[in-house]
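S.K.:
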Amino acid sequence: MLSEKTINIVKEITPAVAANAETITRRFYERMFAGNPEVKAFFNQAHQHSGGQQRALAGAICAYFTHIDNLEALTPAVELIAQKHCSLGIKKEHYPIVGKHLLAAIKDVMGHAATDEIIAAVAEAYGLLAQVCIDRESQIYADQQAKQGGWNGYRRFVIDRKEPESEIVTSFYLKPADDQPLPKYLPGQYITVRLDHPTTPTSPRNYSLSDRPGNDYFRISVKREPALADGAPNGLISNYLHDGLDVGDSLDVGPPCGEFTIDPAATNGRPIAFLAGGIGVTPLLAMAKSLAQASVATPICFVQAAKNSRVHALGAEVRELSTKSSNFRTKIIYDAPLPDDVGTGKCDKEGIVTKEALREWTPVDDAEFYLCGPAPFMTSVMSSLRELGVDEARVRHEFFGPQQSIPT
Ligand SMILES: Cc1cc2nc3c(=O)[nH]c(=O)nc-3n(C[C@H](O)[C@H](O)[C@H](O)COP(=O)(O)OP(=O)(O)OC[C@H]3O[C@@H](n4cnc5c(N)ncnc54)[C@H](O)[C@@H]3O)c2cc1C
Ligand code: HEM
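Okay, structure coming up:
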């Protein structure tokens, strides 16, 4: 518990911290990578360059300060962070490093305004949040270890099969090198892949498990990143998976993590609508296939948006949901169809997922929505859902990168 004095100080400084939050987190990462370079390997440098990670941390700090006297409100955010940390192997001994550099960054940015009393209050508040994360993370690590077939840290896997799903997406079927069983995971969870890139030291990457649990393999479906005109680095791991690794090659895999999941045994009878944009289909397909396998009787709609048939991945598996289960409805929509995509049944509609399409295809009044896709897709779909009066409590989403807010 925080002292009342600390709570009051944190409340007082929240507007000033919020106004400078991203400057503080940028400074924090500069300091931490310079002072403790050993932790840099955990961090995806693409997320540093895009500023996504600085924004996500700034958002988390502001949310914490805003809810300093109502920590319950932070439970979903803490779960997301703890799952991410556990996917990467963050340990309790790392927290003092982050705390030290965060406080120093606040001092750097706020200057004289950050009095000793304020810094002491922020240190106390950081200590509490750190403890909340550490406690949840140690529980997750213990659960991972206790599961049948489970493990902590990295385990060696071998690429058993490599299946092209489209011109830009390939599925990798991964089996443990030790031939021991795999743990059950929740559909929607992701694994962490760590590999030795031949030229560039890299941090691990997360990939959603794109098939339902219960198989003797983990499947990930990876999109190749396109070459950039200015020659800037792109697709370090995804392109190396496509071009540099083959059947029989091995890589390190972290245990399944993530809170963007669905429990087939707890759908409450509510209709479910999956809205997938591009490669965002992966966690949603795992969820939908699990519901189909569990014969969940509720109405389920799966909308898959892609550019065209050349890049459309896993469409046959999406279609199969509705051919095999009568409560499933699937819709495929292309926003840049090729000439022979039109009128040949490859897609149901041309264009983007509009409000009208959502009204026609999904039970907007009572469905629970699961969204995953690139930011423009999420923004557009979310704005349509808002216009249709869908309460945000009925919408869950995941970004393939640091968490961001979906603009209103
Ligand atoms: C929970 C989760 C689930 C995911 N699931 C999937 C999935 O199922 N399938 C899938 O394909 N992906 C998935 N991803 C995304 C995946 O983790 C990788 O981010 C993606 O494969 C790109 O990684 P990369 O190493 O290939 O590209 P990177 O090299 O990391 O490049 C990504 C972007 O950052 C830019 N960039 C990188 N380095 C720099 C630099 N130094 N300066 C400027 N710009 C830079 C690149 O130009 C590019 O636009 C998921 C991510 C998360 C968080
Ligand atoms: C209370 C302290 C902490 C808070 C509030 C915090 C918050 C966050 C947040 C909000 C994210 C983004 C999650 C997402 O949207 O994907 C994140 C990711 C991450 N955190 Fe923490 N964190 C804390 C401590 C730590 C510590 C001690 C480490 C270890 C060095 C750490 C390492 C990471 C890494 C490696 C990522 C992933 C970054 C990436 O995508 O590159 N964090 N954290």
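Residue numbers 682 to 1089, in this note's numbering, belong to the letters of the sequence shown in order.
Idealized CB from N, CA, C, for every residue including glycine.
Less than 8 Å separating the beta-carbons of residue 813 and residue 784?
M.R.: No, they are not a contact pair.
S.K.: What did DSSP end up calling residue 1028 once you bin it into helix, strand or coil?
M.R.: It is coil, neither helix nor strand.
S.K.: From the DSSP output, in three-state form, read off residue 840 for me.
M.R.: Residue 840 falls in the strand class under three-state DSSP.
S.K.: Kindly indicate the opening and closing residues of the beta strand (DSSP E) around residue 936.
M.R.: Counting along the chain, the beta strand (DSSP E) containing residue 936 begins and ends at 931–938.
S.K.: Any heavy atom of ligand 1 closer than 7 Å to the beta-carbon of residue 837?
M.R.: False, no ligand heavy atom lies under 7 Å from that Cβ.
S.K.: Give the single residue among 686, 906, 965 and 913 whose Cα lies nearest to the Cα of residue 798.
M.R.: Considering only alpha carbons, the answer is 686.
S.K.: Between residue 986 and residue 958, which are expected to be in contact by the criterion C-beta below 8 Å, what is the C-beta distance as a whole number of angstroms?
M.R.: Their Cβ separation, rounded to whole angstroms, is 5 Å, which keeps residue 986 and residue 958 in contact under 8 Å.
S.K.: Give the secondary structure of residue 829 by DSSP, where H, G and I count as helix, E and B as strand, and everything else as coil.
M.R.: Residue state, collapsed to three classes: coil.
S.K.: With burial defined as no fewer than 16 other Cβ atoms inside 10 Å of the residue's Cβ, what is the status of residue 859: buried or exposed?
M.R.: Per the 10 Å Cβ criterion, exposed.
S.K.: Measuring CB atoms only, is the stretch 968–985 touching the stretch 993–1003, in the sense that at least three cross pairs come out at less than 8 Å?
M.R.: At 8 Å Cβ cutoff, the stretches touch.
S.K.: What do you get for residue 893, buried or exposed, if any count of 16 or more other CB atoms within 10 angstroms of its CB means buried?
M.R.: Looking at its Cβ environment, which holds 16 or more other Cβ atoms inside 10 Å, residue 893 is buried.
S.K.: Under three-state DSSP, which class holds residue 887?
M.R.: Looking at residue 887 - three-state DSSP - the assignment turns out to be strand.
S.K.: Contact check, residue 884 vs residue 725 under 8 Å by CB: the rounded distance?
M.R.: Right, the Cβ-Cβ distance comes to about 5 Å (below 8 Å), so this counts as a contact.
S.K.: Are three or more beta carbon pairs between the stretch 927–943 and the stretch 744–752 nearer than 8 Å?
M.R.: The stretch 927–943, when compared against the stretch 744–752, does not touch it at the 8 Å Cβ threshold.
S.K.: Straight-line CA distance for residue 740 to residue 915?
M.R.: About 26 Å.
S.K.: Do residue 864 and residue 937 have their CB atoms nearer than 8 Å?
M.R.: Taking 8 Å as the Cβ cut-off, residue 864 and residue 937 qualify as a contacting pair.
S.K.: Could you spell out the range, first to last residue, of the alpha helix (DSSP H) harbouring residue 970?
M.R.: Note, residue 970: alpha helix (DSSP H), 962–974.
S.K.: Could you pull out every residue in the same chain whose Cβ sits closer than 8 Å to the Cβ of residue 762, ignoring the five residues on either side in sequence?
M.R.: Closer than 8 Å at the Cβ level, and outside the excluded window around residue 762, lie 741 and 814.
S.K.: If contacts are defined as beta-carbon pairs under 8 Å, then residue 901 and residue 955 qualify, I think. What distance do you get, rounded to the angstrom?
M.R.: No, residue 901 and residue 955 are not in contact; Cβ-Cβ is about 18 Å, not under 8 Å.
S.K.: Along the chain, where does the beta strand (DSSP E) that runs through residue 851 open and close?
M.R.: Note, residue 851: beta strand (DSSP E), 850–857.
S.K.: If you follow the beta strand (DSSP E) that residue 1012 is part of, which residue opens it and which one closes it?
M.R.: Per DSSP, residue 1012 belongs to the beta strand (DSSP E) from 1009–1015.
S.K.: Which word fits residue 890, buried or exposed, when buried means at least 16 other C-beta atoms lie within 10 angstroms of its C-beta?
M.R.: Flag for residue 890 reads buried.
S.K.: Would you verify that the beta carbon of residue 986 is, or is not, closer than 8 Å to some beta carbon of chain E?
M.R.: The chain labelled as chain E is not found in the depicted structure, where only one protein chain is given.
S.K.: In chain order, what residues of the same chain lie with their CB nearer than 6 Å to the CB of residue 818, ignoring the 5 residues before and after it?
M.R.: Answer for residue 818: 763, 766 and 767, listed in chain order.
S.K.: Are residue 1076 and residue 1039 closer than 8 Å when you measure CB to CB?
M.R.: Going by C-beta atoms, residue 1076 is not nearer than 8 Å to residue 1039.
S.K.: Excluding five sequence neighbours on each side, which residues of the same chain lie with their C-beta closer than 8 Å to the C-beta of residue 1094?
M.R.: No information on residue 1094 is available, as it lies outside the stretch 682 to 1089 that the chain covers here.
S.K.: Counting Cβ pairs, one atom from each stretch, are 3 or more of them under 8 Å apart for the stretch 817–832 and the stretch 869–879?
M.R.: Short answer: they don't touch.
S.K.: Roughly how many whole angstroms lie between the Cα atoms of residue 1029 and residue 1041?
M.R.: Those two C-alpha atoms are separated by around 13 Å.
S.K.: Looking at the unbroken beta strand (DSSP E) that takes in residue 986, where does it start and where does it end?
M.R.: Its beta strand (DSSP E) spans residues 981–987.
S.K.: Tell me whether residue 736 is buried or exposed, calling it buried when 16 or more other Cβ atoms sit within 10 Å of its Cβ.
M.R.: Counting Cβ neighbours within 10 Å, residue 736 comes out buried, since at least 16 surround it.
S.K.: Can residue 1083 be considered in contact with ligand 2, in the sense that its beta carbon sits closer than 7 Å to one or more heavy atoms?
M.R.: Within the cutoff, so yes.
S.K.: Using only the heavy atoms of ligand 1, determine whether one of them is closer than 7 Å to the beta carbon of residue 712.
M.R.: No, Cβ of residue 712 sits at least 7 Å from all heavy atoms of ligand 1.
S.K.: Just to confirm, does residue 878 get its C-beta within under 7 Å of one of the non-hydrogen atoms of ligand 2?
M.R.: The answer is no for residue 878.
S.K.: Identify every residue that forms a DSSP beta bridge with residue 632.
M.R.: The question about residue 632 has no answer, for the chain in this structure spans 682 to 1089.
S.K.: Quick one: what does DSSP say residue 901 is sitting in, helix, strand or coil?
M.R.: DSSP places residue 901 in strand when its eight states are reduced to three.
S.K.: Below 8 Å on the Cβ atoms is my guess for residue 841 versus residue 898; work out the distance and round it to an integer in Å.
M.R.: About 6 Å separates the two Cβ atoms, so the contact holds.
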